[in-house]
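Enquirer: Attaching a single structure in structure tokens format; questions to follow.
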Amino acid sequence: MRCIVFFIMLSLFGCIEVDKPNKTETLKPNILFILVDDLGKEWISAYGAEDIETPNIDALAKKGIKFHNAYSMPQCTPSRVTLLTGQYPFRHGWVNHWDVPRWGGGAHFDEKLNPSLVKKLRDQGYRTCVAGKWQIDDFRVEPDALVKVGFDDFCMWTGYEAGIKASAERYWNPYVFTKDGSKTYKDAFGPDVFRDFIIDFLKEDTVKPSFVYYPMVLTHTPFVNTPDETADDKIGKHKAMVRYTDKILGQLIQSLKENNIFQNTLIVFTTDNGTTKTITGGYKGRKVRGGKATTAEAGICQPFIVSWPKNIKGGQESNALVDFTDLLPTFIDVAGGAPDVDGKHVIDGKSFKSVLLEGRDTSREWILGMGGGNFARLTENGVENQYKFRDRVLRNREYKLYLDSKGEVMKFYDLEADPFEENNIIEELNTKARITNFNMLKSVAESFPDKDNDPKYNPNPGQDWDVNITAKSDFWKL
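Per this note's numbering, residue 12 is the first one in the sequence shown, and the count goes up by one each step.
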């Protein structure tokens, strides 16, 4: 009898032990979102770049899905606010670039008036951190800005703060903001500081799921030498910066493996807009000039790679349409939540989880990019958009439609036949396919509001360092 009881108890305890989760496993995936600054496809060898090798980025693509039709916005601020809110710039209002630490004017990302991806992930039980470049708040005015948005911890370049010369440095001797305040990290290389912060964060807790947002300072100008390479010219420095970007990706992946969380980490690697216009790279037999601040494909159709070893089969390529509004709903969907559970905000994006997990070829019928150059101004009402309707482009799988700031059609391209946009066929709507696709995209454009919103925020108090920016066509060069 004692033997029978013993074996029953042994069996029960055995069942309990089998069901006990591994310390380093979580049902919800970790999410590592890497956003490179100013880098187009012509500088990623997995996409056909001819003047560079990016082995770690290429390896990530082989382990997951390489997307071909993913749109950002053409400039920094619109892209960053779009991915945080899941809304198009015509809705959240940041249709122009606005460098908050540099120009101020009371502007900031107001988490009370806008949806926030980070807060929604925290609601799903995620630890959250950010490292790198933010640029849509002035930390001198709002030292708790990142906490209010939803981050548990942060390590950020402050952005170029007006009146503080040291703050211009994001690379060597970087000026970095943490919970301890802002200071110069003497003799350090900024990308190393941000990388090490993320690696340390990932080590702290491997049970609770983590969301890590890494908006890199690389590869934005100024062109600099890296700890690994020294060059005399801008193209040599640019290449060194791209290679260092690739190296850091490899180091982060190695950290995930060492913490036994790589298999259940969703990694998204992309860029905020195209390469600076002063750099040209070989790409698929062509010389491609950087498309930053333009709505040409080189400006907004970004490298976009997704890896999730536990759930995504490697070696895939996808022509599914994706844009930056889709990041919020996709991350929330993967985390087990609904994009807008409070019902207060319109979310323009669509989750592409089915593309990731089921290999579906599409999750939506069209994508959008808007704005090029800059047409913002500062008035007594705050930051306002000079044009009530910013220029924009819409595309489906094959065709792309350009509209000007009057909402009128400018250009129409068959991207499948003309990927470098050399033949405007707006006067050649002479086939059923062209007419059907033109009408479809034009109909979508006509569904948008007649007037774009201005940025939505309750202004912060004015500061001595605020710069009174008025509208200029070359404002984005400042």
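For every residue, glycine included, the Cβ atom is placed at its ideal position computed from N, Cα and C.
Keep in mind that this is a model prediction, so the values were computed, not measured.
Quick one: grab the DSSP three-state call for Ser458.
Expert: In this structure, Ser458 counts as coil in the three-state DSSP scheme.
Enquirer: Should Glu180 be labelled buried (16 or more other beta-carbon atoms within 10 Å of its own) or exposed?
Expert: It counts as buried.
Enquirer: Could you pull out every residue in the same chain whose Cβ sits closer than 8 Å to the Cβ of Ala60, ignoring the five residues on either side in sequence?
Expert: Lys52, Glu53, Trp54, Gly292, Gly293, Tyr294.
Enquirer: Using a Cβ-Cβ cutoff of less than 6 Å, which residues in the same chain neighbour Phe120 once the five nearest sequence positions on both sides are dropped?
Expert: For Phe120, where only same-chain residues beyond five positions count, the Cβ hits under 6 Å are Ile147, Asp148.
Enquirer: Using the three-state DSSP reduction, which class does Ser127 fall into: helix, strand or coil?
Expert: Of the three classes helix, strand and coil, the one that applies to Ser127 here is coil, per DSSP.
Enquirer: Which value, in whole angstroms, describes the spacing of the CA atoms of His108 and Phe423?
Expert: Using only the alpha carbons, I get a separation of about 26 Å.
Enquirer: Return helix, strand or coil for Phe165, following the three-state DSSP convention.
Expert: Phe165: strand per DSSP, three-state reduction.
Enquirer: Starting from the Cα of Lys74, find the closest Cα among Asn80, Pro430, Pro66 and give me that residue.
Expert: Measuring from the Cα of Lys74, the nearest candidate turns out to be Pro66.
Enquirer: How would you label Glu308, buried or exposed, when you count the other beta carbons within 10 angstroms and need 16 or more for buried?
Expert: Glu308 comes out buried.
Enquirer: What are the boundary residues of the beta strand (DSSP E) that Ser362 is part of?
Expert: Unbroken run through Ser362: none, as it is neither H nor E.
Enquirer: Give me the Cα-Cα distance between Trp319 and Trp476, rounded to the nearest whole angstrom.
Expert: Trp319 and Trp476: Cα-Cα distance of roughly 45 Å.
Enquirer: Please work out which residues of its chain come closer than 6 Å, Cβ to Cβ, to Asp415, disregarding the five sequence neighbours upstream and downstream, and give them in chain order.
Expert: Hits under 6 Å: Asp402, Met421.
Enquirer: Considering only residues of the region 369-428, which uninterrupted beta strand (DSSP E) runs meet the minimum length of 3 residues and lie entirely inside it, listed in chain order?
Expert: List check, beta strand (DSSP E) in window: 378-381, 387-390, 393-396, 403-406, 410-414, 420-425.
Enquirer: Looking only at its own chain, which residues have a Cβ that is under 6 Å from the Cβ of Leu452, when we skip the five neighbours before and after it?
Expert: Result list for Leu452: Leu405, Leu412, in chain order.
Enquirer: Work out the CA separation of Val345 and Lys34 for me, nearest whole Å.
Expert: With a pLDDT of only 45 at Lys34, under 50, the local geometry of the prediction cannot be trusted, and the value read off the model is given with reservation. Distance between the alpha carbons of Lys34 and Val345: 21 Å.
Enquirer: Enumerate in chain order the residues of its own chain whose CB-to-CB distance from Asn464 is below 8 Å, with the five nearest sequence positions on each side excluded.
Expert: So the qualifying residues of the chain are Phe101, Arg102, His103, Gly104.
Enquirer: With Trp168 and Val141 assumed to form a contact (beta carbons below 8 Å), what rounded beta-carbon distance in angstroms separates them?
Expert: Actually they do not touch by this definition, with Cβ atoms about 11 Å apart.
Enquirer: Who pairs with Asp334 in a beta bridge, going by DSSP?
Expert: Paired residues: Tyr82.
Enquirer: When the Cα atoms are used, what is the spatial distance from Asp62 to Leu263?
Expert: Each residue's alpha carbon lies about 24 Å from the other.
Enquirer: Is the distance from the Cβ of Val317 to the Cβ of Phe78 below 9 Å?
Expert: Yes, they are a contact pair.
Enquirer: Would you say Val235 and Tyr182 are within 9 Å of each other, going by their C-beta atoms?
Expert: Result yes, Cβ atoms of Val235 and Tyr182 sit closer than 9 Å.
Enquirer: If distances are taken between C-alpha atoms only, which option among Trp114, Gln98, Pro460 comes closest to Asn479?
Expert: If we check each option's Cα against that of Asn479, Trp114 comes out closest.
Enquirer: Return the chain-ordered list of same chain residues with a C-beta closer than 7 Å to the C-beta of Phe150, the five sequence neighbours on each side being excluded.
Expert: Ala156, Thr169, Phe188, Ser193, listed in sequence order.
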